[in-house]
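A.B. asks: Mind having a look at this structure? Questions to follow.
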Amino acid sequence: MRIQTTLGAAIAAILLTGGAQAATPRLDRTLTRDTATESQGVAAGGQRFVVKTTAAAASGRTQLGNALSSTVRRAGLSTAVAATATSAARPAATARVLRSMAAPGWHVVQASRAMTESERASFIRELSAEPGVVSVDVDRMYQRADVAQSPVMAPAFTPNDPEYGRLQWNFTDPTGGVRAEQAWNISTGEGVVVAVIDTGIVQNHPDLGVNVLPGYDMITDKRVSRRDSDGRAPGGWDLGDWMEANYCAALGSPGNAPRASSWHGSHVAGTIAQQTNNGAGLAGLAHNAKVVPVRVLGSCGGFGSDIADGMMWAAGLPVDGMPANPNPAEVLNMSLGSSGPQSCPAIYQDAINQINAQGAIIVVAAGNSNANAASYTMSSCTGVISVGATGVTGAKASYSSYGTRVDLSAPGGGGAIDGDPKGYIFQVVNAGTTSPTTSWVLGGYTGTSMASPHVAAAVAMVQSVVDTPLNWSEMRDLLRRTARPFPVAIPTSTPMGAGIIDAAQLLHRATQPPCTTDCAPLETPLANKVELRGLASGAEDGLYTFEAQAGTVLTFMTFGGSGDVSMHVARGRIPTATDRDAFSTRAKSNTETVRITAPVAGKYYIRLTGTYAGLTLVARQ
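Reading the sequence shown from the start, the letters are residues -22 to -1, 1 to 599 in mature numbering (1 follows the signal peptide of the UniProt record, and there is no 0).
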């Protein structure tokens, strides 16, 4: 399964030279490739399944192992099948418990060969009928959630951090950016650990390495990891995820065209914590945070069982047979997902529930299918913060998934126009096409993969400065309440959450003491004819502002959602129930309208009171 599309429009990538290049030693380990050996390796190994049993740990594994031989027999797999005119011969199959997983009661089962669709259905049916078996599902492959990658080209000049003003519109642009500079006055993420659940990070990264903590390579299949043997390995280093033509077929994925390594995890991690103000490369949003690379994606993607275990390990939870993570993450970024519609697998939801209980927050990419995010993993899971993608204009990126499950949006890029770098999100990545090299480039990518780490970084910045860390629901509500309204109208058929993340407003709100009768709630500006959706009442009343022109009829409206809201409006001051220019207080209703036929130019304040959720507010002039 593949979620990534073909390469987008060409845009120059800039080679890191000079001091940055000198700071990067050549990797001691390189991958040697023998095509014949690789082909044989791909053919080995069969279908994988995730199985939940009522008994946990060793007893559940033993019970499951004892049941597999009878299951294979009843499923009709224990006898070889001769070739026919329409199908190849199939040898007899066996199955074994490959390992137990971190979540209690979960195990990975592997068959000795690939199964046909009917064989797979029969095996699942028979194994599900065994005593003590709760559920059986295919151990599916998941993919990274980026859309396009700019090609690696010749250097234009030696970049340093001041270039973020030219290339990193996602941090600086007043319309489509996240207001990074204002946010840095409050927090840079110091003291917080963010786990990047991805392809890993290339070792000895010249502009990120100082912020990388020891991670782990969770991939258990050497065909996916490109390591020399099956099993897991310390480090979390990205060895490449390149693919030869049709390499993925033996792993149960569709045939594929050849593809170079993406260095996806390094790009994602760079947006979060790239070293900043060091005279090389680009900037990171939470550039004093630390990142832990958890490699779960390789060639063809990654198995759900490896991903779920990687999530648990990242949060500091125990994983059978592995050392504890010495640097448990407070934030997990997951820029990956299913390539087709799929509800949240139970193994993911179990892991998420335990991670949330641990106090960590999971941020996920909404997906690049331009479809309802609630129908795809990871956004179909509960207990996560789902992020859509916008471009430099603040409009929905064409590829971004959408829906009520999307909490908010962030810059993801939307493709370049006439070579304009503002179509991409830039970070420092390796220049190698297969295994890593000692050359590094500024690569421009697009996708919800690029949007999600903006929010993960902002979450880290909040946790760095608040007195008591927020849990995921508190953080999600704060992100939504402080999101900047979309500067262009988002169609009601493709909702993209509460708005675009505003890191400065987020941190300002997070660090303010609770509002009392002596202080004013924080303001959220409204743009003309741009709906602000998903509003909910909280400890503070909602306060919004609008810069009005003179003479043209001015209308404020609320509608939708549930509850009972009241609207109070005043020019040049914060309205109250007794000091206001206009108001609307329909009983037991969220539909309120204030119309000012001859407005005076200036700032109008709109205050919402009551108890409500899912509300939409819009100003029109």
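From the three backbone atoms N, C-alpha and C, an ideal C-beta is built for every residue, glycine too. Remember, it's a predicted structure, so these values are computed and weren't measured experimentally.
So, using beta-carbon positions, are residue 333 and residue 433 closer together than 8 Å?
C.D. replies: Taking the first residue of the sequence shown as 1, we reach residue 333 at position 355. Taking the first residue of the sequence shown as 1, we reach residue 433 at position 455. Not in contact: residue 333 and residue 433 (Cβ atoms no closer than 8 Å).
A.B. asks: Taking the alpha-carbon positions, what's the residue 244 to residue 577 distance?
C.D. replies: Along the sequence shown, one-based indexing puts residue 244 at 266. Along the sequence shown, one-based indexing puts residue 577 at 599. Distance between the alpha carbons of residue 244 and residue 577: 52 Å.
A.B. asks: Give me, in chain order, the residues of the same chain whose beta-carbon lies closer than 6 Å to that of residue 535; leave out the 5 immediate sequence neighbours on both sides.
C.D. replies: Here the question's residue 535 lines up with position 557 in the sequence shown. Closer than 6 Å at the Cβ level, and outside the excluded window around residue 535, lie 571 and 596.
A.B. asks: Could you spell out where the beta strand (DSSP E) holding residue 179 opens and where it closes?
C.D. replies: Working through the sequence shown from its first residue, we reach residue 179 at position 201. Run containing residue 179: none; DSSP gives neither H nor E here.
A.B. asks: Who pairs with residue 204 in a beta bridge, going by DSSP?
C.D. replies: Start at 1 with the first residue of the sequence shown, and residue 204 comes out as number 226. DSSP lists no partner for residue 204.
A.B. asks: Taking the alpha-carbon of residue 681 as reference, which of 387, 449, 546 and 415 has the nearest alpha-carbon?
C.D. replies: The structure shown does not extend to residue 681, since the chain is modelled only from -22 through 599, so no value can be given for it.
A.B. asks: Among the candidates 431, 556 and 479, whose CA atom is the shortest distance from the CA of residue 174?
C.D. replies: Locating residue 174 in the sequence shown gives position 196, where the first residue counts as 1. Looking at the Cα atoms, 431 is the closest of the given residues.
A.B. asks: Quick one: what does DSSP say residue 452 is sitting in, helix, strand or coil?
C.D. replies: Position 474 of the sequence shown, counting from 1, holds the residue named residue 452. The answer is helix: DSSP assigns residue 452 an H, G or I state.
A.B. asks: Is it buried or exposed for residue 49, if we count other Cβ within 10 angstroms and need 16 for buried?
C.D. replies: Here residue 49 refers to the residue found at position 71 of the sequence shown. Buried.
A.B. asks: If you run the structure through DSSP and keep just helix, strand and coil, what is residue 561?
C.D. replies: Within the sequence shown, residue 561 is the residue found at index 583, counting from 1. Residue 561: strand per DSSP, three-state reduction.
A.B. asks: Flag this pair as touching only if the region 397 to 407 and the region 347 to 366 have three or more C-beta atom pairs under 8 Å; answer yes or no.
C.D. replies: Short answer: they don't touch.
A.B. asks: Which term fits residue 507, buried or exposed, when burial requires 16 or more other beta carbons within 10 angstroms of its beta carbon?
C.D. replies: One-based indexing of the sequence shown puts residue 507 at position 529. Exposed.
A.B. asks: Could you check which residue in 42, 489, 148 and 141 has the C-alpha nearest to that of residue 447?
C.D. replies: As a first step, residue 447 must be located in the sequence shown, where it is residue number 469. Closest option to residue 447, Cα to Cα, is 489.
A.B. asks: Starting from residue 548 and walking both ways along the beta strand (DSSP E), at which residues does that stretch end?
C.D. replies: Residue numbering aside, residue 548 sits at position 570 when the sequence shown is read from its first letter. Looking at the DSSP string, the run of the beta strand (DSSP E) that includes residue 548 is 540 to 549.
A.B. asks: Ignoring anything shorter than 3 residues or poking outside the region 205 to 262, list the beta strand (DSSP E) runs there in chain order.
C.D. replies: Correct list: 211 to 213.
A.B. asks: Below 7 Å, is the gap between the Cβ of residue 75 and the nearest heavy atom of the ligand COA?
C.D. replies: Ligands are entirely absent from the displayed structure, and the ligand COA is therefore not among its contents.
A.B. asks: Output the distance between the C-alpha atoms of residue 476 and residue 365, rounded to the nearest integer angstrom.
C.D. replies: Numbered from 1 along the sequence shown, position 498 holds the residue referred to as residue 476. Numbered from 1 along the sequence shown, position 387 holds the residue referred to as residue 365. The straight-line gap from Cα to Cα measures roughly 10 Å.
A.B. asks: Name the one or two DSSP bridge partners that residue 364 has.
C.D. replies: As a position in the sequence shown, residue 364 is number 386, starting the count at 1. According to DSSP, residue 364 bridges with 342.
A.B. asks: Where do the N-terminal and C-terminal ends of the alpha helix (DSSP H) with residue 95 fall, by residue?
C.D. replies: In the sequence shown, residue 95 corresponds to position 117, counting from 1. Its alpha helix (DSSP H) spans residues 95 to 106.
A.B. asks: Closest to residue 325 by CA distance: which of 30, 248, 344 and 26 is it?
C.D. replies: For this step, residue 325 is matched to residue 347 along the sequence shown. If we check each option's Cα against that of residue 325, 30 comes out closest.
A.B. asks: Could you tell me how far apart the beta carbons of residue 262 and residue 251 are, in whole angstroms, since I believe they sit closer than 8 Å?
C.D. replies: Stepping through the sequence shown from its first residue, residue 262 is reached at position 284. Stepping through the sequence shown from its first residue, residue 251 is reached at position 273. Between residue 251 and residue 262 the Cβ distance is about 5 Å, and since that is below 8 Å, they are a contact.
A.B. asks: Spatial neighbours of residue 529 within its chain, please: CB distance less than 8 Å, with the 5 preceding and 5 following residues excluded, ordered by chain position.
C.D. replies: Counting from 1 along the sequence shown, the entry for residue 529 is found at position 551. 576 and 577, listed in sequence order.
A.B. asks: To the nearest whole angstrom, what separates the beta carbons of residue 81 and residue 329, a pair I think is in contact under 8 Å?
C.D. replies: In the sequence shown, counting from the first residue as 1, residue 81 sits at position 103. In the sequence shown, counting from the first residue as 1, residue 329 sits at position 351. Going by Cβ atoms, the distance from residue 81 to residue 329 rounds to 6 Å, so yes, they are a contact pair.
A.B. asks: Would you identify the three-state DSSP class for residue 400, choosing helix, strand or coil?
C.D. replies: What you label residue 400 is simply residue 422 of the sequence shown in a count that begins at 1. Residue 400: helix per DSSP, three-state reduction.
A.B. asks: Kindly indicate which three-state DSSP category residue 457 falls into: helix, strand or coil?
C.D. replies: Your numbering for residue 457 matches position 479 in the sequence shown. Here residue 457 sits in helix by DSSP.
A.B. asks: Starting from residue 439, trace the alpha helix (DSSP H) in both directions and tell me its first and last residue.
C.D. replies: Reading the sequence shown from its first residue, position 461 is the one you call residue 439. Element bounds for residue 439: 426 to 443.
A.B. asks: Using a threshold of 8 Å, state whether the C-beta atoms of residue 88 and residue 188 are closer than that.
C.D. replies: If you number the sequence shown from 1, residue 88 lands on position 110. If you number the sequence shown from 1, residue 188 lands on position 210. It is not a contact, given that the beta carbons lie outside the stated cut-off.
A.B. asks: From residue 382 to residue 298, what does the alpha carbon distance come to, in whole angstroms?
C.D. replies: Along the sequence shown, one-based indexing puts residue 382 at 404. Along the sequence shown, one-based indexing puts residue 298 at 320. Distance between the alpha carbons of residue 382 and residue 298 is about 37 Å.
A.B. asks: Which residue or residues does DSSP assign as beta-bridge partners of residue 578?
C.D. replies: For this step, residue 578 is matched to residue 600 along the sequence shown. For residue 578, which the question treats as bridged, DSSP gives no partner whatsoever.
A.B. asks: Taking buried to mean at least 16 other C-beta atoms within 10 Å of its own C-beta, is residue 182 buried or exposed?
C.D. replies: Indexing the sequence shown from 1 puts residue 182 at position 204. The residue is buried, with at least 16 neighbouring Cβ atoms inside 10 Å.
A.B. asks: Between residue 269 and residue 551, what straight-line distance do the alpha-carbon atoms span, to the nearest angstrom?
C.D. replies: Counting from one through the sequence shown, the residue named residue 269 turns up at place 291. Counting from one through the sequence shown, the residue named residue 551 turns up at place 573. Looking at the two C-alpha atoms, the distance is approximately 44 Å.
A.B. asks: Less than 7 Å between C-beta atoms, sequence neighbours within five positions excluded: which residues of the same chain meet that for residue 141?
C.D. replies: As a first step, residue 141 is located in the sequence shown; it is residue number 163 there, counting from the start. So the qualifying residues of the chain are 260.
A.B. asks: Under DSSP, the beta strand (DSSP E) around residue 85 begins and ends at which residues?
C.D. replies: Residue 85 sits at position 107 when you count from the first residue of the sequence shown. Residue 85 -> beta strand (DSSP E) spans 84 to 89.
A.B. asks: Could you tell me whether the Cβ atoms of residue 73 and residue 67 are closer together than 8 Å?
C.D. replies: The residue labelled residue 73 in the question sits at position 95 within the sequence shown. The residue labelled residue 67 in the question sits at position 89 within the sequence shown. Taking 8 Å as the Cβ cut-off, residue 73 and residue 67 do not qualify as a contacting pair.
A.B. asks: With a Cβ-Cβ cutoff of 8 Å, do residue 424 and residue 390 count as a contact?
C.D. replies: The residue you call residue 424 lines up with position 446 of the sequence shown. The residue you call residue 390 lines up with position 412 of the sequence shown. Their beta carbons are under 8 Å apart, which means residue 424 touches residue 390 by this criterion.
A.B. asks: Can you tell me whether residue 600 is helix, strand or coil according to DSSP?
C.D. replies: Given that the chain is displayed from residue -22 to residue 599, the structure contains no residue 600 and the question cannot be resolved.
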